[in-house]
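Student: Numbering-wise, our numbering puts 845 at position 838 of the first sequence, and it's gapless, one number per residue.
Starting off with a structure, shown below.
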Amino acid sequence: MADTPEPTKQHLYLVDGSSYIFRAYHRLPPLTDPEGTPVGAVYGYTTMLWKLAADLDEADGPTHLAVILDAGSISFRNDIYEHYKANRPDPPEDLVPQFPLIRDATRAFSLPCIEEAGLEADDLIASYAREAQRMGWNVTIVSSDKDLMQLVGEADGPDGPARIDMLDTMKNQRIYLPEVAEKFGVTPDLVGDVLALMGDSVDNVPGIFGIGPKTASKLIAEYGSLTAALDSAPAMKPSKLKERLIEGRADAELSKVLVTLKEDCDLPQPIAEMKLGPVPPEPLAAFLEKHGFTSLLKRLGAGNGSPARKTDLNPPKADKAGDNGTGDGSANRQPPPEMPHVDHTAYETVQTIERLEHWIARARAARLVAVDTETTSLDAMRADLVGVSLALGPNDACYIPLAHGGDDMFAQKPEQVDKAAALAALKPLLEDDSVLKVFQNGKYDCNVLAREGMAVAPIDDTMVISFALDAGRGEEGMGGSGIGGHGMDELSQRHLGHTPIAFKDVCGTGKKAISFGEVPLDRATRYAAEDADITLRLYQTLKPRLAEEGGTRIYERVDRPLIPVVATMEREGIRVNRARLARLSEEFAVEIRRLEGQIHELAGQEFTVGSPKQLGEILFDKLGYKGGKKGKSGQYSTDVSVLERLATEGAPMARKVLEWRQLAKLKSTYTDALQAAINPATGRVHTSYSLVGAQTGRLSSTDPNLQNIPVRTPIGRQIREAFVPEDGNVLLAADYSQIELRLAAHMANVDTLKQAFANGEDIHARTAREMFGEVTRDTRARAKTINFAILYGISRWGLAGRLEVTSDEAQDMIDTYFQRFPGIQRYIHETLETVRAKGYSETLFGRKTWFPRINSKNQAERQGSERAAINAPIQGTSADIIKRAMARMLPALAEAGLDDVRMLLQVHDELVFELPEARVEAATPIIRRVMAEAALPAVELTVPLGVDIGTGASWDAAH
DNA sequence: ACGATCACG
DNA sequence: GACGTACGTGATCGTA
Numbered sequence: 008m009a010d011t012p013e014p015t016k017q018h019l020y021l022v023d024g025s026s027y028i029f030r031a032y033h034r035l036p037p038l039t040d041p042e043g044t045p046v047g048a049v050y051g052y053t054t055m056l057w058k059l060a061a062d063l064d065e066a067d068g069p070t071h072l073a074v075i076l077d078a079g080s081i082s083f084r085n086d087i088y089e090h091y092k093a094n095r096p097d098p099p100e101d102l103v104p105q106f107p108l109i110r111d112a113t114r115a116f117s118l119p120c121i122e123e124a125g126l127e128a129d130d131l132i133a134s135y136a137r138e139a140q141r142m143g144w145n146v147t148i149v150s151s152d153k154d155l156m157q158l159v160g161e162a163d164g165p166d167g168p169a170r171i172d173m174l175d176t177m178k179n180q181r182i183y184l185p186e187v188a189e190k191f192g193v194t195p196d197l198v199g200d201v202l203a204l205m206g207d208s209v210d211n212v213p214g215i216f217g218i219g220p221k222t223a224s225k226l227i228a229e230y231g232s233l234t235a236a237l238d239s240a241p242a243m244k245p246s247k248l249k250e251r252l253i254e255g256r257a258d259a260e261l262s263k264v265l266v267t268l269k270e271d272c273d274l275p276q277p278i279a280e281m282k283l284g285p286v287p288p289e290p291l292a293a294f295l296e297k298h299g300f301t302s303l304l305k306r307l308g309a310g311n312g313s314p315a316r317k318t319d320l321n322p323p324k325a326d327k328a329g330d331n332g333t334g335d336g337s338a339n340r341q342p343p344p345e346m347p348h349v350d351h352t353a354y355e356t357v358q359t360i361e362r363l364e365h366w367i368a369r370a371r372a373a374r375l376v377a378v379d380t381e382t383t384s385l386d387a388m389r390a391d392l393v394g395v396s397l398a399l400g401p402n403d404a405c406y407i408p409l410a411h412g413g414d415d416m417f418a419q420k421p422e423q424v425d426k427a428a429a430l431a432a433l434k435p436l437l438e439d440d441s442v443l444k445v446f447q448n449g450k451y452d453c454n455v456l457a458r459e460g461m462a463v464a465p466i467d468d469t470m471v472i473s474f475a476l477d478a479g480r481g482e483e484g485m486g487g488s489g490i491g492g493h494g495m496d497e498l499s500q501r502h503l504g505h506t507p508i509a510f511k512d513v514c515g516t517g518k519k520a521i522s523f524g525e526v527p528l529d530r531a532t533r534y535a536a537e538d539a540d541i542t543l544r545l546y547q548t549l550k551p552r553l554a555e556e557g558g559t560r561i562y563e564r565v566d567r568p569l570i571p572v573v574a575t576m577e578r579e580g581i582r583v584n585r586a587r588l589a590r591l592s593e594e595f596a597v598e599i600r601r602l603e604g605q606i607h608e609l610a611g612q613e614f615t616v617g618s619p620k621q622l623g624e625i626l627f628d629k630l631g632y633k634g635g636k637k638g639k640s641g642q643y644s645t646d647v648s649v650l651e652r653l654a655t656e657g658a659p660m661a662r663k664v665l666e667w668r669q670l671a672k673l674k675s676t677y678t679d680a681l682q683a684a685i686n687p688a689t690g691r692v693h694t695s696y697s698l699v700g701a702q703t704g705r706l707s708s709t710d711p712n713l714q715n716i717p718v719r720t721p722i723g724r725q726i727r728e729a730f731v732p733e734d735g736n737v738l739l740a741a742d743y744s745q746i747e748l749r750l751a752a753h754m755a756n757v758d759t760l761k762q763a764f765a766n767g768e769d770i771h772a773r774t775a776r777e778m779f780g781e782v783t784r785d786t787r788a789r790a791k792t793i794n795f796a797i798l799y800g801i802s803r804w805g806l807a808g809r810l811e812v813t814s815d816e817a818q819d820m821i822d823t824y825f826q827r828f829p830g831i832q833r834y835i836h837e838t839l840e841t842v843r844a845k846g847y848s849e850t851l852f853g854r855k856t857w858f859p860r861i862n863s864k865n866q867a868e869r870q871g872s873e874r875a876a877i878n879a880p881i882q883g884t885s886a887d888i889i890k891r892a893m894a895r896m897l898p899a900l901a902e903a904g905l906d907d908v909r910m911l912l913q914v915h916d917e918l919v920f921e922l923p924e925a926r927v928e929a930a931t932p933i934i935r936r937v938m939a940e941a942a943l944p945a946v947e948l949t950v951p952l953g954v955d956i957g958t959g960a961s962w963d964a965a966h
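Have a look at this one:
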């Protein structure tokens with residue numbers, strides 16, 4: 008900054024090389040260099056160094072810089088505690104050869120690289136940081152290791168305060184006191200105490216068992232230190248926590264020693280030698296050349312100089328040498344062309360109709376515009392439109408507020424274009440056939456805009472593109488959100504190296520959350536325009552990959568056409584009979600209370616029946632039933648299989664609990680929740696389908712989930728009776744019969760099974776005949792189990808458990824199956840070979856599912872991936888087929904003049920329609936044909952696809 | 001926030 | 001030598 012006092016303060020950057028490389032490895036695609044050496048992590052590391060070196064001259068950039076590495080896996084901490092870091096898995100195979108390359112890369116930049124046997128990088132960093140601080144320098148630690156957060160803060164130096172902060176280059180985030188407080192709830196000097204209580208499973212620091220981050224922060228904040236907390240334990244009121252603190256004291260004290268950084272190491276190299284200057288280009292060029300980092304090489308050449316001279320590297324525009332080249336998700340690809348950094352100040356707030364017309368005209372001319380809507384709710388059927396943002400190029404984006412300032416008619420509202428006028432102006436653009444609208448999760452925006460009277464088309468969707476390219480590649484533990492690693496924040500992080508403004512930072516969370524319409528326009532613009540900006544950047548990054556990586560077929564022919572179809576289904580919704588649900592709720596409540604009384608009586612005490620923990624203790628400890636098995640959580644298992652067994656062994660309580668559970672489930676999950684889900688405006692229930700929720704390509708359904716409405720028991724089926732058509736209409740349910748087994752027969756080319764399907768046989772009976780020689784209730788049921796086991800990737804023990812036979816007998820059955828149905832074994836083998844080699848499986852229509860853990864050294868993990876990989880092509884092909892049917896269905900019906908047939912629901916192999924009773928006869932053959940022929944012409948199956956159709960006055964009756 | 005449980009294909 | 005055993009989902013509850 009111009010007003011920075013001279014001379015500039017010295018600023019030491021300490022790069023935690025070891026931790027960076029691990030994170031870069033997991034975040035970046037598996038690039039290889041021309042010789043086939045894996046270099047993805049090294050590439051990430053190199054771009055980061057580049058950027059840091061280029062920041063010399065920046066206001067807060069480095070004047071001095073060093074990379075600190077771990078010398079080995081053993082440190083002085085192992086003398087204190089032999090298990091320290093003992094549960095670290097070996098690094099992945101393709102990361103190992105990259106470790107030495109880190110030193111090469113650092114040397115190529117002519118930067119000092121420091122390591123010391125017996126010391127961890129953290130200790131060296133701590134010692135250097137403190138020394139620099141004593142000299143009055145500022146220090147930035149480039150790492151996200153939480154242990155290092157202990158160092159953050161200011162100390163008095165010889166000429167004013169000297170500050171230590173951290174920089175997380177993967178998240179592009181500075182870490183200072185507020186960030187530490189947010190993570191640990193305490194000041195940095197107490198971070199070690201928190202860590203000592205909570206432990207660290209990655210480093211195998213024990214902590215105190217049963218105390219996690221939340222409890223640890225609370226205790227330390229409350230008592231002021233670890234010692235004080237431990238000392239206060241005996242005086243606490245009796246509780247689990249008190250016991251744990253007393254029993255775990257030694258563990259905590261040991262942990263404290265382990266997490267405390269050694270700040271007085273001898274410094275292997277003087278700090279003065281870390282001065283950052285122009286980087287000599289020759290060694291760097293040689294390194295970049297050797298590993299095929301051509302885009303960096305080009306940048307080096309074009310800049311005609313070193314990365315340490317920022318001005319040499321960059322075009323005149325505000326284009327810093329970028330952290331946006333941190334990977335693009337595919338092997339052996341060039342990083343995308345450079346994009347300028349996201350610049351929030353470049354965005355325009357559109358507040359007049361003239362400026363709006365200007366943007367619309369530019370969008371028309373560009374023929375491509377990224378669009379994002381801001382609303383009051385995540386539920387597209389209840390959301391009110393608050394504003395729209397548009398992006399035409401990087402940093403070339405605007406936000407058009409439409410309803411900021413709340414509902415209060417008299418409140419002072421910010422200047423904004425009249426909503427009706429703005430929408431009228433936008434409508435022709437959004438409906439223009441010749442202008443492509445790009446969204447991130449466009450189904451949502453299209454539904455919101457549809458409710459404003461707009462049929463937005465054509466559209467592209469970066470989330471759906473990402474799914475076509477990278478299903479299964481997302482981070483672990485992303486399930487549940489329904490977007491499986493394809494959300495905007497993850498994509499931006501992964502492909503652009505940029506962390507967008509978080510919604511919660513704009514609107515807050517919990518009770519203090521405000522609606523987007525309450526957000527001041529400047530902040531709203533930064534957030535909203537950034538979303539459109541990023542969507543456009545993602546599109547430019549991801550779209551080219553479709554063609555390069557064979558994703559076009561699945562995206563253009565299956566997933567993309569489905570977006571408006573599913574959007575329409577969501578808007579249709581389905582009618583439910585509220586009174587009927589309410590009556591069921593009441594009946595269930597009565598029965599639940601009755602059962603609860605009986606259960607308490609049998610237990611001889613009151614307890615929470617819904618608590619598996621308490622129930623287990625009652626059954627196995629108090630009542631003394633045998634065979635209680637505790638899982639890894641130390642709890643008895645009380646699931647159906649356990650309770651069924653107890654019931655047959657004569658435990659009356661078990662049967663009662665099973666009934667209680669069934670009713671409690673039906674009431675809370677269905678009869679109560681469905682009533683609450685009825686949309687007051689439409690009187691119907693509108694689920695939300697995720698197009699990217701299931702890695703195999705299936706849809707998933709949330710809010711509410713209408714894909715798991717009970718059907719298997721008579722009592723549960725009563726809930727289906729509450730799903731009804733409008734007066735004069737009927738519901739029609741059409742489902743594929745045994746589609747996955749049929750596909751398995753085709754894909755594994757099993758003649759016996761194919762013939763059985765061609766002849767319309769009962770496939771489980773046929774299997775029973777082949778395997779056991781005769782068809783009885785029992786053999787058919789066993790055959791059915793075995794058929795499913797095959798689809799899911801069989802193991803002798805798994806089958807043995809289900810059939811209640813020994814694992815030897817199960818093995819015999821598996822052998823027999825493979826013998827009677829040759830082809831299955833070969834299919835399994837070949838599928839696994841391909842997945843191991845390529846990393847992904849493919850459906851008949853070319854949908855990829857990635858299995859990053861298929862070659863894991865962890866056997867359980869690997870075998871899990873293997874089973875999933877056997878199933879994915881079958882489940883995924885089935886999903887492709889019904890999706891193709893859905894995309895064709897309404898046009899086919901309309902062509903026959905049946906435009907009053909509404910498609911409402913999809914349940915994996917079933918479609919549910921609502922139509923006038925008089926249309927059933929005409930619609931049935933069309934629906935059957937579209938579904939049965941959905942694979943054609945792309946794939947000619949060697950088995951017929953059977954479709955069962957029924958109609959009725961409720962979903963239950965339609966089956 | 002997470003595990004246990006259970007609803008579906 | 002031990003591990004832990006069927007694929008894919010989402011909602012609810014109790015516990016922490």
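Glycine is no exception: its CB is placed at the ideal position from the N, C-alpha and C atoms.
Small disclaimer: the values here were computed from a predicted structure and weren't measured.
1. Does the pairing of the segment 267 to 277 with the segment 159 to 172 give three or more beta-carbon distances under 8 Å?
2. Taking C-alpha atoms, which residue in E902, K890, T958 lies nearest to E940?
3. Which one of R458, A203, L409, A775 has the shortest CA to CA distance from H386?
4. If you drop the 5 nearest sequence neighbours on each side, which residues of the same chain put their C-beta closer than 7 Å to that of A390?
5. Measure the CB-CB distance between Y743 and D916 and report whether it falls below 7 Å.
6. With F294 and A464 assumed to form a contact (beta carbons below 8 Å), what rounded beta-carbon distance in angstroms separates them?
7. What is the DSSP secondary structure of I215, counted as helix, strand or coil?
8. Taking only heavy atoms of the ligand FMN into account, decide whether any of them is closer than 6 Å to the Cβ of A960.
9. Quick check: the segment 647 to 663 against the segment 542 to 561, are at least 3 beta-carbon pairs closer than 8 Å?
10. Thinking C-beta only, is V692 closer than 7 Å to I581?
11. Which stretch, first to last residue, makes up the beta strand (DSSP E) that contains M910?
12. Given this structure, state the Cα-to-Cα distance separating L197 from K225, to the nearest angstrom.
13. Using DSSP with H/G/I as helix, E/B as strand and the rest coil, what is S744?
14. Where does K16 sit, in a helix, a strand or coil, going by DSSP?
15. Can you name, in chain order, every residue of its own chain whose Cβ lies under 6 Å from the Cβ of I888, other than the five neighbours on each side?
16. Quick one: any contact between the segment 51 to 59 and the segment 18 to 38, if contact means 3 or more CB pairs under 8 Å?
17. Under the rule that 16 or more other beta-carbon atoms within 10 Å means buried, what is T318, buried or exposed?
18. If distances are taken between C-alpha atoms only, which option among I541, V572, T655 comes closest to C453?
19. Counting only runs of 4+ residues fully inside the segment 572 to 658, write out the alpha helix (DSSP H) ranges in chain order.
20. Ignore the nearest five residues each way along the sequence and tell me which others in K791's own chain have a CB closer than 6 Å to its CB.
21. Just to check my reading of the structure: A136 and I148 have Cβ atoms closer than 8 Å, yes? What is that Cβ distance to the nearest angstrom?
22. Can S396 and A535 be called in contact, C-beta distance under 7 Å?
23. For L363, I'd like the list of residues in its chain whose CB is within less than 7 Å of its CB, leaving aside the five on either flank, ordered along the chain.
24. Under 7 Å between the Cβ atoms of I541 and K450?
25. Once the 5 residues before and after M461 are set aside, which same chain residues still bring their CB inside 7 Å of it?
26. Excluding the five sequence neighbours on either side, which residues of its own chain have a C-beta within less than 6 Å of the C-beta of V950, listed in chain order?
27. If you draw a straight line from the alpha carbon of L443 to that of R552, how long is it in whole angstroms?
28. Between the segment 582 to 600 and the segment 464 to 479, do at least 3 Cβ pairs fall closer than 8 Å?
29. Helix or strand or just coil, what does DSSP make of L948?
30. Kindly provide the ranges of any alpha helix (DSSP H) runs that are 4 or more residues long and lie completely inside the segment 359 to 384, ordered along the chain.
31. Would you mind stating whether A967 and T176 have Cβ atoms separated by less than 7 Å?
Tutor: Put simply:
1. no
2. Along the first sequence, read from residue 1 onward, the residue named residue 940 stands at position 933. It is K890 whose Cα lies nearest to the Cα of E940.
3. By 1-based counting over the first sequence, the position of residue 386 is 379. Checking the displayed sequence, the identity of residue 386 turns out to be Asp instead of His. Nearest of R458, A203, L409, A775 to D386, Cα basis: R458.
4. The sequence position of residue 390 within the first sequence is 383, counting from 1. Answer for A390: T382, T383, S384, V455, listed in chain order.
5. Taking the first sequence and counting its residues from 1, the one referred to as residue 743 is at position 736. Taking the first sequence and counting its residues from 1, the one referred to as residue 916 is at position 909. The answer is yes: Cβ separation under 7 Å.
6. Locating residue 294 in the first sequence gives position 287, counting from the first residue. Locating residue 464 in the first sequence gives position 457, counting from the first residue. About 49 Å separates the two Cβ atoms, so there is no contact after all.
7. Here residue 215 corresponds to residue number 208 of the first sequence, with the count starting at 1. Three-state result, I215: coil.
8. The model depicted lacks the ligand FMN and carries no ligand whatsoever.
9. no
10. The residue you call residue 581 lines up with position 574 of the first sequence. The residue you call residue 692 lines up with position 685 of the first sequence. In this structure, V692 lies closer than 7 Å to I581 by Cβ.
11. Within the first sequence, the letter at position 903 stands for residue 910. Looking at the DSSP string, the run of the beta strand (DSSP E) that includes M910 is 909 to 913.
12. Within the first sequence, residue 197 is the residue found at index 190, counting from 1. Within the first sequence, residue 225 is the residue found at index 218, counting from 1. Spanning the two alpha carbons is a distance of roughly 12 Å.
13. Residue numbering aside, residue 744 sits at position 737 when the first sequence is read from its first letter. Assigned with DSSP and collapsed to three states, S744 falls in coil, not helix or strand.
14. Taking the first residue of the first sequence as 1, we reach residue 16 at position 9. Three-state DSSP puts K16 in coil, outside helix and strand.
15. Here residue 888 refers to the residue found at position 881 of the first sequence. For I888, where only same-chain residues beyond five positions count, the Cβ hits under 6 Å are A941, A942.
16. Touching, yes, given that three or more Cβ pairs across the two stretches are closer than 8 Å.
17. Residue mapping note: residue 318 aligns to position 311 of the first sequence, counting from 1. Because T318 sits at a pLDDT of 31, beneath the cut-off of 50, its placement in the model cannot be relied upon, and the following sentence gives the value as read from the coordinates. T318 comes out exposed.
18. As a first step, residue 453 must be located in the first sequence, where it is residue number 446. Here the closest residue by C-alpha is V572.
19. 585 to 610, 619 to 623, 647 to 655
20. Taking the first residue of the first sequence as position 1, residue 791 is located at position 784. The answer, listed in chain order, is H771.
21. The sequence position of residue 136 within the first sequence is 129, counting from 1. The sequence position of residue 148 within the first sequence is 141, counting from 1. That belief holds up - the Cβ atoms of A136 and I148 are roughly 6 Å apart, short of 8 Å.
22. On the first sequence, residue 396 is found 389 positions in, with the first residue counted as 1. On the first sequence, residue 535 is found 528 positions in, with the first residue counted as 1. Against a cut-off of 7 Å, the Cβ pair of A535 and S396 comes out as a contact.
23. Position 356 of the first sequence, counted from the start, is the residue given in the question as residue 363. For L363, where only same-chain residues beyond five positions count, the Cβ hits under 7 Å are V357, I407, V424, A429, A432.
24. Residue 541 sits at position 534 when you count from the first residue of the first sequence. Residue 450 sits at position 443 when you count from the first residue of the first sequence. Contact flag unset, no.
25. Along the first sequence, read from residue 1 onward, the residue named residue 461 stands at position 454. Excluding positions up to five away in sequence, the list reads K434, L437, E438.
26. As a first step, residue 950 must be located in the first sequence, where it is residue number 943. Once the five neighbours on either side are set aside, the close Cβ partners of V950 are R749, A752, H753, K761, F764.
27. Sequence index remark: in the first sequence, residue 443 carries index 436 (1-based). Sequence index remark: in the first sequence, residue 552 carries index 545 (1-based). Approximately 18 Å between the Cα atoms of the pair.
28. no
29. Locating residue 948 in the first sequence gives position 941, counting from the first residue. Three-state DSSP puts L948 in coil, outside helix and strand.
30. 360 to 373
31. Lying outside 8 to 966, the shown extent of the chain, residue 967 is not represented and no answer is given.
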